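Residue 235 in this note's numbering sits at position 246 of the sequence shown, and the numbers go up by one each step. What follows is one structure encoded as structure tokens, with my remarks underneath.
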Amino acid sequence: VLSRAMASDGYGISGGVDENCNQQRLSLGLTDHKAQTLQSVVNVVREFARNNDDQDVWFKLGDGNAVHEAATNEVIETSQYTILSYVYAVVAFMVLLTFRSWRAVACILIPLILTSVMSQGLMAILGIGVKVATLPVIALGVGIGVDYGIYIYSRLVSVLESNHNLKYAYLETLKTTGKAVFFTGITLSVGVATWIYSPIKFQADMGVLLTFMFLWNMIGALVLLPALVFYIKPAVSQDPELSREGIA
-10 VLSRAMASDG YGISGGVDEN CNQQRLSLGL TDHKAQTLQS VVNVVREFAR NNDDQDVWFK
50 LGDGNAVHEA ATNEVIETSQ YTILSYVYAV VAFMVLLTFR SWRAVACILI PLILTSVMSQ
110 GLMAILGIGV KVATLPVIAL GVGIGVDYGI YIYSRLVSVL ESNHNLKYAY LETLKTTGKA
170 VFFTGITLSV GVATWIYSPI KFQADMGVLL TFMFLWNMIG ALVLLPALVF YIKPAVSQDP
230 ELSREGIA
């Protein structure tokens, strides 16, 4: 009776019932497996179950690819910020261990945090959901960006320790380490930018996202980080020998 009633309403019945007639599988056909579609179906099923479950009949989400994807999306939604917090905590600890300065941590991490925020904004614009395949890409941007930041900050501080002012230190940093960071950022960006023309949608989306992240990490290290050094003013131990020589 249940099978006939559901079939008349356009719903599919698959798998039949068990031997004791205790369970009946109901299957729904979806037009796509986007996160919004899956979550809306899950919400409807849960709402229906709350309103119609009783001691004799109750409805539960079953199996299938759509259910598994929806469950994965829910886990990622609740844990993505926890995962990113762990990533930033480890990076902050290593930077603090290296430079022994919370100001150094701030100068290096602020551009990275800004990159993560802007990347998620770009993903929202492009309609790219945060899932198992895309979450590591955001963490990858942090890993690449912290390299740029450490290179620039290390060189900048080393010149400042020679008793030069920030303007001179910045120009010297651009002439040396800055060139390497710029070349690396452009090379990585051009390399992944070719993915944009891929017929595979996921690869094309990752091409746009990674190109943006590599370029912005480079710009953040070359432009934003020195500006933060100017405002935060990290402590620099200057060489007394050079001070007596009067180098400005």
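All C-beta atoms, glycine included, are put in the ideal place defined by N, C-alpha and C. Source: prediction; values computed, not measured.
| query | result |
| --- | --- |
| 4 or more residues per run - each alpha helix (DSSP H) lying fully within the region 5 to 73 | 24 to 41 |
| Contacting residues, own chain, Cβ-Cβ under 8 Å from Thr61 (five flanking each side not counted) | Lys120, Val121 |
| Residue closest to His57, alpha-carbon to alpha-carbon, out of Val197, Gln28, Thr71, Tyr70 | Gln28 |
| Segment limits, alpha helix (DSSP H) that includes Pro188 | Unbroken run through Pro188: none, as it is neither H nor E. |
| Cβ-based neighbour list, Glu161, same chain, cut-off 6 Å, excluding 5 preceding and 5 following | Val148 |
| Which listed residue (Gln13, Trp205, Val30) has its alpha carbon closest to that of Leu19 | Val30 |
| Spatial neighbours of His22 in its chain, beta-carbon cut-off 8 Å, leaving aside the 5 residues before and after | Asn54, Ala55, Glu58 |
| Length-filtered (4 minimum) alpha helix (DSSP H) runs lying within the region 136 to 187 | 155 to 162, 168 to 182 |
| First and last residue of the uninterrupted alpha helix (DSSP H) at Ala216 | 214 to 221 |
| Alpha carbon of Val80 to alpha carbon of Ser143, nearest angstrom | 16 Å |
| Residue environment, Gly180, which counts as buried when at least 16 other CB atoms sit within 10 Å | exposed |
| When Met202, Leu145, Ala169 are compared against Gln109, the one with the closest alpha-carbon | Met202 |
| Member of Ser16, Ala193, Ala216, Arg14 whose CA lies at the smallest distance from the CA of Ile117 | Ala193 |
| CA nearest to the CA of Ile185, picked from Ala128, Leu199, Ile175, Arg39 | Leu199 |
| First through last residue of the alpha helix (DSSP H) which encompasses Leu98 | 91 to 115 |
| Ala128, DSSP secondary structure in three states | helix |
| Leu86 versus Asp43: straight-line alpha-carbon distance, rounded | 59 Å |
| Whole-Å CB distance - Leu211 paired with Val170, under 8 Å assumed | 6 Å |
| Secondary structure of Ala81, DSSP reduced to three states | helix |
| Beta-carbon proximity of Gly134 to Thr104, cut-off 8 Å | yes |
| Reduced DSSP category for Ala210 - H, G, I as helix; E, B as strand; rest coil | helix |
| Residues of its chain near Gly209, where Cβ-Cβ distance is below 8 Å and the 5 sequence neighbours each way are ignored | Pro100, Leu101, Leu103, Thr104, Gly134, Tyr137, Gly138 |
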